[in-house]
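Position in the sequence shown (first residue = 1) + 4 = the numbering used here.
Glycine is no exception: its CB is placed at the ideal position from the N, C-alpha and C atoms.
So the structure is just underneath, and the comments pick up after that.
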Amino acid sequence: MATIRQGTRVTVVGSRGEWLEVRSKHGNPPGFIPREDAMLVEKR
Numbered sequence: 005m006a007t008i009r010q011g012t013r014v015t016v017v018g019s020r021g022e023w024l025e026v027r028s029k030h031g032n033p034p035g036f037i038p039r040e041d042a043m044l045v046e047k048r
């Protein structure tokens, strides 16, 4: 298990229910965060 600090930018690559699958721009392994904890900053 790992943690992501508040304010860290990640890329959403998928979703499963209330969870977003995210990838770090630093090459870390992908993971999941609750959708309610995410904030859209930039849409591509």
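- Residue pairing from DSSP places residue 27 in a beta bridge opposite 15.
- In the DSSP secondary-structure assignment, residue 21 is not bridged to any residue.
- In this structure, the beta-carbon distance from residue 45 to residue 34 does not fall below 8 Å.
- Within the model, the alpha-carbon separation for residue 16 versus residue 10 is close to 15 Å.
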